[in-house]
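Protein chains: 2
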Amino acid sequence: MTSIINVNLPQQSYEIAIAPGSLEQLGQQMANLNLGKKVLVVSNPTIFKHYGERAINSLTSAGFKVVSYCLPAGERYKTLNSIQKLYDIALENRLERSSTMVALGGGVIGDMTGFAAATWLRGINVVQVPTTLLAMVDSAIGGKTGVNHPHGKNLIGAFHQPRKVLIDPEVLKTLPMREFRAGMAEVIKYGIIWDAELFAQLEASKNLNQLRYVKPEVIDAILTRSCQAKANVVSKDEKEGGLRAILNYGHTIGHAVESLTGYRLVNHGEAVAIGMVAAGQIAVALGLWQQEDTERQNALIQKAGLPTRLPEGIDIEEIIAALQLDKKVKAGKVRFILPTQIGVVKITDDVPSETIRQVLQGM
Amino acid sequence: MTSIINVNLPQQSYEIAIAPGSLEQLGQQMANLNLGKKVLVVSNPTIFKHYGERAINSLTSAGFKVVSYCLPAGERYKTLNSIQKLYDIALENRLERSSTMVALGGGVIGDMTGFAAATWLRGINVVQVPTTLLAMVDSAIGGKTGVNHPHGKNLIGAFHQPRKVLIDPEVLKTLPMREFRAGMAEVIKYGIIWDAELFAQLEASKNLNQLRYVKPEVIDAILTRSCQAKANVVSKDEKEGGLRAILNYGHTIGHAVESLTGYRLVNHGEAVAIGMVAAGQIAVALGLWQQEDTERQNALIQKAGLPTRLPEGIDIEEIIAALQLDKKVKAGKVRFILPTQIGVVKITDDVPSETIRQVLQGM
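Quick mapping for you: the protein sequence lines, in order, are chains H and V. FYI, the numbering for the first sequence is 1 to 363, going by UniProt numbering. FYI, the numbering for the second sequence is 1 to 363, going by UniProt numbering.
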């Protein structure tokens with residue numbers, strides 16, 4: 001299986017290349033992009049131990065001059081302080097405007113490397129080499145970069161499209177099970193918001209909660225159909241003027257849950273799963289969606305080993321207050337993405353707080 | 001005199017409005033842009049004392065909900081720490097994607113406010129209200145935003161175009177003389193790189209070094225012709241792929257001089273003046289420019305009360321080393337903008353270090 005998906009943008013289009021073993025071709029793939037010779041590979045210690053050498057060897061063989069730097073793993077290091085470290089490394093190694101940062105890691109590494117690249121010398125190249133399912137199908141595509149503010153996730157950031165996204169499905173083998181499931185939350189999201197066929201394929205497959213039991217053709221669908229969905233949406237609305245907001249299905253309440261649990265107890269995918277369950281029930285409460293469809297969604301979420309209930313002890317009023325911090329709040333109104341069918345959603349900022357409250361109380 | 005100059009860009013065009021007394025119309029002008037209601041005015045204590053109330057009253061009368069924040073004045077506060085303060089204020093006041101930051105001040109305030117706006121929620125609106133000549137004719141236009149790294153100026157930043165630039169020439173009355181002269185360096189630059197007629201007009205006027213002696217029609221030409229030059233260049237090359245580099249005439253060596261004198265002894269305009277003298281002499285040494293024209297340039301720089309010699313005690317080898325840190329270095333080669341006639345320059349990365357050294361030794 002080798003798939004190429006194009007992200008078509010007015011200013012700079014790029015390819016998502018999905019192929020087993022492609023990590024070894026990183027250097028060659030980048031050589032085709034006509035970039036400067038200097039490359040900074042950014043990773044975290046765990047990922048770097050597994051894949052750093054392979055990536056660097058490939059880059060070096062293709063004639064790049066490579067330096068690498070590991071940031072500590074974890075959402076709590078997704079801060080401006082980490083970005084300042086990358087600036088220092090960029091300066092020490094005299095990165096130029098034609099130089100490239102390569103993000104070798106999951107969503108946190110991708111977001112931070114992208115943001116450092118977006119803001120060093122007012123923007124240098126970045127190539128995304130995602131190593132988690134979540135990063136492959138979501139965060140590595142579409143140019144959203146950034147870090148957390150102590151009081152809110154991804155509040156600091158920029159749009160900065162990668163020059164290429166290179167996905168090697170083989171690296172999923174070392175992905176912890178919980179991380180795989182977190183990525184599945186975004187995959188299920190694409191089924192609900194965009195691709196009913198993907199949804200049906202997931203429904204028809206067994207053991208979705210453990211990578212090694214998932215059939216190759218399902219993995220193929222998971223990666224290519226998800227990336228295609230994301231690429232389609234981003235191509236139509238690069239900077240979230242309208243359509244792109246649908247990618248935030250499950251994220252409105254999800255972000256609040258993540259934030260209130262300190263980004264630790266509940267990971268991003270789990271929070272999105274909870275958020276999708278809540279959004280589905282809000283859609284039902286507002287008469288937009290069939291109860292039967294929301295149950296199909298929730299069954300799939302459960303089958304993927306993801307939570308469908310709020311974590312113990314979380315304060316519902318705090319969730320409602322935290323929604324006001326969402327980046328998509330407009331004139332104080334919280335924006336929700338709500339399904340109307342499997343594969344179709346609508347955007348609305350007209351959800352009564354009372355409906356949100358009732359749905360959360362039932363979870 | 002009221003002039004409107006358009007900056008035409010593929011994604012978002014905007015107007016530069018030049019009119020005496022226009023500070024009082026800020027609110028109305030912004031109301032026409034269909035922005036969200038929340039506005040954060042960013043300034044420094046001195047500027048805010050003079051113009052803060054007028055700006056805020058105008059905004060409030062137009063229906064905006066306004067908060068303001070002053071950053072300490074001076075290039076040494078142009079740091080990520082100051083940006084973090086702005087993020088905190090943005091969070092406390094729940095700025096939304098439709099909200100606007102207004103930069104009321106000189107280049108430092110404009111660059112920082114622009115960068116904070118570029119990176120808060122991945123980009124909110126910014127309106128530039130420049131209060132120094134330098135900011136009016138240069139830094140407020142064109143979307144370059146950023147802060148300094150401890151080891152280099154403007155190394156951290158982003159392109160983020162303003163929604164509007166509002167220039168009220170009356171605020172120049174409170175501008176310290178040295179600051180006025182600093183702005184004149186950029187004005188002279190436009191004469192050399194783009195607008196021979198502006199150059200001739202400046203040559204024909206007396207007492208260019210003191211604002212109150214400059215004739216109104218010359219002030220008019222200074223503002224409108226300079227803004228027009230900048231707008232033309234930026235419209236043709238928003239992100240410095242090629243042509244825009246000519247705006248860096250005098251800045252290659254200028255930046256090095258500024259940096260080596262700690263951004264204090266020599267201000268930006270003075271550094272650019274020194275850099276133009278150096279670039280002119282390099283152009284002559286390489287046989288590109290007439291000695292006579294470089295003398296006309298240097299005479300005009302002197303008439304504007306700007307330096308034409310290196311500051312005492314500066315180490316020429318350190319200047320040459322610092323050039324390697326310039327953002328425009330490509331494959332280790334320093335890029336120079338060199339005049340070939342008054343009003344015409346060329347871009348070259350082919351200047352021997354020895355030529356640079358000899359020219360600097362003569363200064």
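Positions of the beta carbon are idealized from the N, C-alpha and C atoms, including for glycine. Quick caveat, the model's predicted, so the values are computed rather than measured.
Three-state secondary structure assigned by DSSP to glutamate 96 (chain H): Three-state DSSP puts glutamate 96 (chain H) in coil, outside helix and strand.
Interface partners of residue 366 (chain H) on chain V, CB under 8 Å: Any question about residue 366 (chain H) goes unanswered here, given that chain H covers just 1 to 363.
Could you check what DSSP says for glutamine 291 (chain H) in three-state terms: helix, strand or coil? In the three-state reduction of the DSSP assignment, glutamine 291 (chain H) falls in the helix class.
Below-7 Å beta-carbon distance, lysine 330 (chain V) vs any chain H residue: Taking Cβ atoms only, chain H reaches closer than 7 Å to lysine 330 (chain V), which makes this a yes.
What's the C-alpha gap between glycine 21 (chain V) and lysine 85 (chain V)? Each residue's alpha carbon lies about 31 Å from the other.
At least one CB of chain H closer than 7 Å to the CB of leucine 360 (chain V): is that the case? At a cut-off of 7 Å, the C-beta of leucine 360 (chain V) has no neighbouring C-beta in chain H.
Beta-carbon neighbours of histidine 149 (chain H), restricted to chain V and to distances below 7 Å: Within chain V, the residues near histidine 149 (chain H) are Tyr87 and Leu91.
Please compile the residues from chain A whose C-beta is within a distance smaller than 9 Å of the C-beta of glutamate 96 (chain V). No chain A is part of this structure, whose protein chains are labelled H and V.
May I have the straight-line CA-CA distance separating leucine 134 (chain H) from alanine 182 (chain H), to the nearest angstrom? So the two alpha carbons sit approximately 7 Å from each other.
Of all the CB atoms in chain V, is at least one closer than 7 Å to the CB of threonine 119 (chain H)? Chain V, which has a Cβ nearer than 7 Å to the Cβ of threonine 119 (chain H), makes this yes.
Taking its Cβ as the centre, do 16 or more other Cβ atoms sit within 10 Å of aspartate 350 (chain V), making it buried, or is it exposed? Aspartate 350 (chain V) is exposed by the Cβ-count criterion.
For proline 10 (chain H), go through chain V and note every residue whose CB falls closer than 8 Å to its CB, in chain order. Simply Pro10 and Gln11.
Contact between the region 150-163 of chain H and the region 189-200 of chain H is defined here as three or more beta-carbon pairs at a separation below 8 Å; is this criterion met? No, the region 150-163 of chain H is not in contact with the region 189-200 of chain H.
Could you run through the region 241-256 of chain H and flag, in chain order, every residue whose CB is less than 8 Å away from some CB of chain V? Listed by position along the chain: nothing, the set is empty.
Reduced DSSP secondary structure (H/G/I, E/B, other) of proline 339 (chain H): When secondary structure is reduced to three states using DSSP, proline 339 (chain H) falls in the strand class.
With contact counted as at least three CB pairs below 8 Å, one residue from each stretch, are the region 287-307 of chain V and the region 267-276 of chain V in contact? In this structure the region 287-307 of chain V touches the region 267-276 of chain V; the number of beta carbon pairs closer than 8 Å is three or more.
Closest residue to glycine 107 (chain H) among H:Phe180, H:Ser68 and H:Val66 (Cα-Cα distance): Comparing Cα-Cα distances from glycine 107 (chain H) to each of H:Phe180, H:Ser68 and H:Val66, the minimum goes to H:Phe180.
Here's a check: name, in chain order, each residue in its chain whose Cβ is nearer than 7 Å to the Cβ of histidine 50 (chain H), leaving out the five neighbours to either side. Thr174.
Reference valine 284 (chain H), options H:Lys328, H:Ser235, H:Ile109 and H:Val345, closest by Cα: The candidate whose alpha carbon is nearest that of valine 284 (chain H) is H:Val345.
Could you tell me which residues DSSP pairs with proline 20 (chain V) in its beta bridges? None, per the DSSP bridge assignment.
When you compare the CB positions of glutamine 128 (chain V) and alanine 140 (chain V), do they come within less than 7 Å of one another, or not? The Cβ atoms of glutamine 128 (chain V) and alanine 140 (chain V) lie closer than 7 Å to each other.
Verify whether the separation of the beta carbon atoms of leucine 260 (chain V) and isoleucine 314 (chain V) is less than 7 Å. The criterion of a C-beta distance shorter than 7 Å is satisfied by leucine 260 (chain V) and isoleucine 314 (chain V).
Contacts of glycine 142 (chain V) in chain H (Cβ-Cβ under 9 Å): Close partners of glycine 142 (chain V) in chain H (Cβ separation under 9 Å) are lacking, with about 11 Å as the shortest Cβ gap.
If you compare alpha carbons, which of H:Val126, H:Val171 and H:Asn6 is closest to leucine 35 (chain H)? Out of H:Val126, H:Val171 and H:Asn6, H:Val126 has the C-alpha closest to the C-alpha of leucine 35 (chain H).
Would the beta-carbon of valine 41 (chain H) fall within 7 Å of that of serine 68 (chain H)? In this structure, the beta-carbon distance from valine 41 (chain H) to serine 68 (chain H) falls below 7 Å.
Pairwise C-alpha distance: glycine 123 (chain H) and threonine 79 (chain V): The alpha-carbon atoms of threonine 79 (chain V) and glycine 123 (chain H) are separated by roughly 18 Å.
Cutoff 6 Å; reference alanine 196 (chain H); Cβ partners in own chain excluding five residues on either side: Excluding residues within five positions, the ones whose Cβ falls inside 6 Å are Ile342 and Gly343.
Proximal residues, the region 67-87 of chain H versus chain V, C-beta separation under 8 Å: Across the region 67-87 of chain H, CB contacts with chain V closer than 8 Å involve Leu80, Gln84 and Tyr87, in sequence order along the chain.
Express the C-alpha separation of arginine 225 (chain H) and valine 233 (chain H) in angstroms, rounding to a whole number. Those two C-alpha atoms are separated by around 12 Å.
Chain-ordered chain V contacts of valine 146 (chain H) [CB-CB under 7 Å]: First, the amino acid is wrong: residue 146 (chain H) is glycine here, not valine. Per Cβ cutoff of 7 Å: Arg122.
Grab me the residues of isoleucine 319 (chain H)'s own chain with a C-beta within less than 7 Å of its C-beta, minus the 5 sequence neighbours each way, in chain order. Counting only Cβ-Cβ distances below 7 Å, and skipping sequence neighbours, we find Ile253, Ala256, Val257, Leu260 and Leu360.
Chain-ordered neighbours of leucine 110 (chain V) on chain H, where CB pairs are closer than 9 Å: The identity of residue 110 (chain V) in the sequence shown is glycine, whereas the question assumes leucine. What glycine 110 (chain V) touches in chain H: nothing, since even the nearest Cβ is about 15 Å away.
Relative to the alpha-carbon of valine 218 (chain H), which residue among H:Pro169, H:Ile246 and H:His251 has its alpha-carbon at the smallest distance? It is H:Pro169 whose Cα lies nearest to the Cα of valine 218 (chain H).
Close-in-space but distant-in-sequence residues of the same chain around isoleucine 5 (chain V) (CB under 6 Å, 5 per side omitted): If we look at isoleucine 5 (chain V) and ignore the five residues flanking it on each side, its Cβ neighbours are Ile16, Cys227, Gln228 and Ala231.
Can you tell me the Cα-Cα spacing of phenylalanine 48 (chain V) and leucine 104 (chain V), whole angstroms? Roughly 8 Å between the two C-alpha positions.
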